[in-house]
Structures are given as structure tokens and as C-alpha cells.
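Residue numbers for the first sequence follow the UniProt record's numbering, so the first one is 1 and each next one is one higher.
Every residue, glycine too, gets a C-beta built ideally from N, C-alpha and C.
Since the structure is predicted, the reported quantities are computational estimates derived from the model, not experimental observations.
Worksheet for the structure shown next.
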Amino acid sequence: MAARGLGMKFEGYDMLLNACIKKRAFREGQRVHAHMIKTRYLPHVYLRTRLIILYGKCDRLRDARNVLDEMPEKNVVYWTAMISVYSQRGFAFEALDLFVQMLRSDTKPNEFTFTTVLCSCTGTLGFEFGRQIHSNIIKRTLDTHIFVGSSLLEMYAKAGRIHEAREVFESLPEKDVVSCTAIISGYAQLGLDAEALELFRRLNLEGMTSNFVTYASVLTALSGLAALELGKQVHNHVLRCNLPFHVVLQNSLIDMYSKCGNLIYSRRIFDNMPERTVISWNAMLVGYSKHGMGGEVVELYKLMRNENKTKPDSVTLLAVLYGCSHGGMEDVGLKIFDEMMKGNDGVEPDIEHYGCVVDLLSRAGRVEEAFEFIKRMPFEPTAAEWGSLLGACRVHSNIDVGEFVGRRLLEIEPENAGNYVILSNLYACAGRWEDAGMVRDLMMEKAVKKDPGRSWIEIDQTLHSFHASDRSHPRWEEVFAILKKLSI
DNA sequence: TTAGGGTTAG
Numbered sequence: 001m002a003a004r005g006l007g008m009k010f011e012g013y014d015m016l017l018n019a020c021i022k023k024r025a026f027r028e029g030q031r032v033h034a035h036m037i038k039t040r041y042l043p044h045v046y047l048r049t050r051l052i053i054l055y056g057k058c059d060r061l062r063d064a065r066n067v068l069d070e071m072p073e074k075n076v077v078y079w080t081a082m083i084s085v086y087s088q089r090g091f092a093f094e095a096l097d098l099f100v101q102m103l104r105s106d107t108k109p110n111e112f113t114f115t116t117v118l119c120s121c122t123g124t125l126g127f128e129f130g131r132q133i134h135s136n137i138i139k140r141t142l143d144t145h146i147f148v149g150s151s152l153l154e155m156y157a158k159a160g161r162i163h164e165a166r167e168v169f170e171s172l173p174e175k176d177v178v179s180c181t182a183i184i185s186g187y188a189q190l191g192l193d194a195e196a197l198e199l200f201r202r203l204n205l206e207g208m209t210s211n212f213v214t215y216a217s218v219l220t221a222l223s224g225l226a227a228l229e230l231g232k233q234v235h236n237h238v239l240r241c242n243l244p245f246h247v248v249l250q251n252s253l254i255d256m257y258s259k260c261g262n263l264i265y266s267r268r269i270f271d272n273m274p275e276r277t278v279i280s281w282n283a284m285l286v287g288y289s290k291h292g293m294g295g296e297v298v299e300l301y302k303l304m305r306n307e308n309k310t311k312p313d314s315v316t317l318l319a320v321l322y323g324c325s326h327g328g329m330e331d332v333g334l335k336i337f338d339e340m341m342k343g344n345d346g347v348e349p350d351i352e353h354y355g356c357v358v359d360l361l362s363r364a365g366r367v368e369e370a371f372e373f374i375k376r377m378p379f380e381p382t383a384a385e386w387g388s389l390l391g392a393c394r395v396h397s398n399i400d401v402g403e404f405v406g407r408r409l410l411e412i413e414p415e416n417a418g419n420y421v422i423l424s425n426l427y428a429c430a431g432r433w434e435d436a437g438m439v440r441d442l443m444m445e446k447a448v449k450k451d452p453g454r455s456w457i458e459i460d461q462t463l464h465s466f467h468a469s470d471r472s473h474p475r476w477e478e479v480f481a482i483l484k485k486l487s488i
């Protein structure tokens, strides 16, 4: 469309650039650009924008920026295209910085610019900046624009300000599938699963249309509640809708079944997928790991490596190491970590991987080795690593290491009641009653309280929540009988 | 010509 009436050369360049954008073909795109320069062709504004988009899609941010910088006069479309490139590639600071430069150049942002720039308003500073942008948006009466509004509510939700997100959502005069999904997902991502489902129910009654993204978000909320029956209903509904294959939705189903404890269903979905992403593999590996199925984890990881179609990432290795640790396969886990250190997996170990190794050694009762490993780590150990070791010291009654680790933990996180309890129990185990009492006194002094652990169960599509020794629920006897049957 | 929602871990 844009090519009409602008000459053959324009049409040719337009066609070539669009093909390069589609295929993310950097080299070919660069050759098209070079041809324009060699033949002294002055590209139309449209083609310059396409060049920015092309370089952005090919991850060549410097080249994209050069196209922008070389323009003698920049209009709002150029600026927005470049801000969008930064934003989509995760360069939030650069996106906001360019937005400021745009304002300084007296170019007025439009609804496209606001929609784009709000995606980069993350983190404390980004959020503060986003709030100022919100004021500006209100002044320009763009806050009820469906695209701008969706980006605004997402910014608030990502900052944990769900009430403000909801206000923006409710104030939208018209809601579409994206804005509805954004608010449902906002609740789900903050762990407000019941609220997410309630809103989904309400919006459905009001005639909302759902698509595969909506169902993926709803499944996230159901996973958080471990609501298997409702999850099955959503799955059946999705099947009845005959939606085309979407890897994201299938990944959500794998995760939902795994979090609800049904690994057989998860694996069935995984096996039947015509294509998988690294997240599909990770969801399945995490499922096995969390259920202590070390053998399945290692077997699936081998399959992934043998297939050689999907590269493992940091989460893959975390899941594998975690699975080995919880599945009693410490030697295999240590070997895999060793391969990581040699660079054979293409993933550089970070502190969380080191933490898994501490956990591997701790759970295997190799307390002294775990202690030495922590001391040699190239990272400053956090409460997570010390915490794994303290638990192991308690289980394996290692008072010497445990005392050091426990004291260290009380310094790092004095508000964590669990550490006081474990240290006190450790002293008690060793017959050091005075020290055990002292730790309990310290707990009282600091007003630290241990919350009772909670568990929940789904009966007839209703979730019932309990804490230890809780008999206040009207149906507790029924639940108790079920738990007894399940040996929980 | 530039725009919004999604899946794994923590």
C-alpha cells in the first residue's frame, strides 16, 4: 500500500525490506541498505522506519539507532519506532532516555509512543517515571484509549499496584480481549489467583471473548490454587473451541497439570506437542523436579540434549540440579554442575545454580563439603545457601557447622522465624538446652513469630484451606479422612 | 511508517 505512486525503486526496496523483516535476515537487509547508499537513493520516511524495524528485529540496535541519528528531521514515527526497538529488546533505560530526548526536541508523543514507552516503565525508577507519564496522558485525554490504557494497567500491575491497575481497567470505556487478559494476568502474576478467576468469571458473564493468551493466564491462576478439576474444565473447553496449536497455551497446560500433581497428563501433552520451546522442556523438568522424580528429570534432560533442537537455558539447569537434589541423585547432579563449569551446556552458572549444589550436598548429608563449597563460591552467599545448609545441619545433627551457619542467618535475616526455630531445635538435639532457650528468648525479644504452615484441598470444585491442628472448618472430618486415605 | 495481553524458575 505504502509503495503506490512512489516509483519502481521504492517498490523494490519496500518489498525486499519487508521480506528481510519477516525472516529477520540481517545480512540481506544490510545489503539492501548499502544499495540505497551506493546508488545515492534518498529513502522515503517509510523506508527509513522499515530499516529501524529491520535492524531492531535482528538485534542490531546500534544500526537501528544510526538510521535514526542520521535523519536531519525526525518525526514522531521515527522516534516511536526506535523507542519500540529498545523496549521490545529489554533496553528499558535506553527507551526512556530516548523518550526524554524526543520531548526535548519538541516532538509531541502520540498514542503509539505512550503505548510503547509504558512497557519500559519497570523497576522503582521506571515506575516513578511511568506515573509522570500517566499524568501527561491524562492531560491529553489519552487514558481511555484502549492501547494506552492496557499498557498503563500493565505497568501498575507489574509494579504490584493492582488496585491502580484495576482502576485504569474499569475506567476504560471499551474493553477488549487484550485489556481483559492484561488485568486477569496482572492478578495471577501477583499470586492473587482467586481474584483473577473471579474477574475472569465476571468478564465472561459480561460477554468477554477469550483467546489462547487469556486461557494461559487463567491456567496460571488455577495452577497457583492447584485446582485440578477446574483446570481440566478449562482444558476441555479449550479442546472444544478447536483453537489452533499455541505452544504457550500447551506450556501452561503442562504446568497446570504438574502443579496439580498430575504428571502423567503433563507428559502426555508434552509428548504430543508438534513443536516445543525451551519453556515446554523447562515446565516438564520443573514438574518432575518438584515431585522428587530425579530419574525422570535426568532422562528428559538427556533427551533434550540428544534431540539437540532446543538449547537449554539457565532455568533448565536449575530444574535439573534441583531435581537431582530432591530426587536423591547427588552424584549425577554434581557431574552436571561440573559440565556446566566446563562450559559444555552453554549456560554460565549463577548464584542459584551454586545454591542448588549446596542443596545437593546438604541433602546428601555431606555437610562439611557443602560448607567448604559455600566458602569457595565466587558469589557472596545469601540466606538461601545458608538456609539449605542449616536444614542439613539439623537433620544430620552437625552442631559445629550448624551453630556458625545459624548465627550467620540470624544476622542476615533477623525477621525469619524459621531460622530461630531450626537453630533452637539443633541446640536442643545436642542437649544444649540453655542455648536453645536463649534462641527462643531472642525470638520473643525481636517479636518474631512463626506462622503455622498451611495446606489446602479441593473437594467438589471448592478449595478448603487448613493450618496445623486446625479443626475449625465445618467439613474438617471429611477432609481429614481424605488426607488419611492419601497418606498425607 | 510507529502501539497493548501470554507459558518455565526465583
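| Asked | Found |
| --- | --- |
| Could you name the residues of the same chain whose beta carbon sits closer than 6 Å to that of A364, not counting the 5 residues immediately before and after it, in chain order? | E330 |
| Of the choices M377, R376, G402 and F379, whose alpha-carbon is the least far from that of S388? | G402 |
| Name the residue from T113, G130 and T115 whose alpha carbon lies nearest to the alpha carbon of C121. | G130 |
| With DSSP collapsed to three states, give me the class of N242. | coil |
| Pull up the distance between the alpha-carbon of D143 and that of E167, whole angstroms please. | 11 Å |
| Could you pull out every residue in the same chain whose Cβ sits closer than 6 Å to the Cβ of S210, ignoring the five residues on either side in sequence? | none |
| Along the chain, which unbroken stretches of the alpha helix (DSSP H) at least 4 residues long are found entirely within the stretch 345-392? | 351-363 and 367-376 |
| If T116 sits next to S87, beta carbons under 8 Å apart, how far is it from one beta carbon to the other, in whole angstroms? | 5 Å |
| Taking just the CA atoms, how far does G355 sit from F200? | 38 Å |
| So, at 8 Å on beta carbons, what are the nonlocal neighbours of L442 in its own chain, with the 5 sequence-adjacent residues on each side left out? | L410 and Y420 |
| Straight-line CA distance for N344 to C119? | 35 Å |
| Could you check how far apart the C-beta atoms of V247 and R276 are, in whole angstroms? I think they sit under 8 Å. | 7 Å |
| What distance in whole Å lies between the Cβ atoms of L222 and L230, which are believed to be in contact at a cut-off of 8 Å? | 5 Å |
| Can you tell which of G418, V395, F371 and F379 has the C-alpha that lies nearest to the C-alpha of F404? | F371 |
| Could you give the residue range of the alpha helix (DSSP H) that holds V178? | V177 to Q189 |
| If you drop the 5 nearest sequence neighbours on each side, which residues of the same chain put their C-beta closer than 7 Å to that of M36? | Y13 and P43 |
| Report the option in E385, P381, F379 and M340 whose CA atom is closest to the CA atom of L361. | E385 |
| Determine the direct distance from the alpha carbon of V148 to that of I138, and round the result to whole angstroms. | 11 Å |
| Hey, would you say V278 sits closer than 8 Å to D313, going by beta carbons? | yes |
| Residues in its own chain within less than 7 Å of S266 by CB, not counting five upstream and five downstream? | I254, Y257, S258, M284 and G287 |
| Between the C-alpha atoms of G56 and M82, what's the straight-line distance to the nearest angstrom? | 8 Å |
| From R89 to D97, what does the alpha carbon distance come to, in whole angstroms? | 15 Å |
| Could you tell me if P274 is buried or exposed, where buried requires 16 or more neighbouring beta carbons within 10 angstroms of its beta carbon? | exposed |
| Please name the residue in L263, L303, V76 and A159 whose C-alpha comes closest to that of S289. | L263 |
| Quick check on the burial criterion: 16 or more other C-beta atoms within 10 angstroms. Buried or exposed for C241? | exposed |
| Rounded to the nearest angstrom, what separates V124 and I133 at their Cα positions? | It should be noted that the sequence gives Thr, not Val, for residue 124. Going from the Cα of T124 to the Cα of I133 covers about 14 Å. |
| DSSP three-state label for M329, please. | coil |
| Note down, in chain order, each residue of its chain lying with its Cβ closer than 7 Å to the Cβ of L317, except the 5 sequence neighbours on either side. | M340, D345, V347 and H353 |
| Can you tell me whether D193 is buried or exposed, with buried defined as 16 or more other CB within 10 angstroms of its CB? | buried |
| So, with DSSP's three-state summary, where would you put F93? | helix |
| Could you name the residues of the same chain whose beta carbon sits closer than 8 Å to that of T382, not counting the 5 residues immediately before and after it, in chain order? | I351, G355 and I412 |
| Going by Cα to Cα distance, which pick from E206, K158 and R202 is closest to F127? | K158 |
| Please report how far the alpha carbon of P414 lies from the alpha carbon of A430, in whole angstroms. | 23 Å |
| Buried or exposed: which applies to Q233, given that a residue is buried once 16 or more other Cβ atoms fall within 10 Å of its Cβ? | exposed |
| DSSP three-state label for K302, please. | helix |
| In the stretch 141-226, which residue ranges form an unbroken alpha helix (DSSP H) of at least 4 residues, counting only runs that do not cross its ends? | 146-158, 162-171, 177-189, 193-205 and 212-225 |
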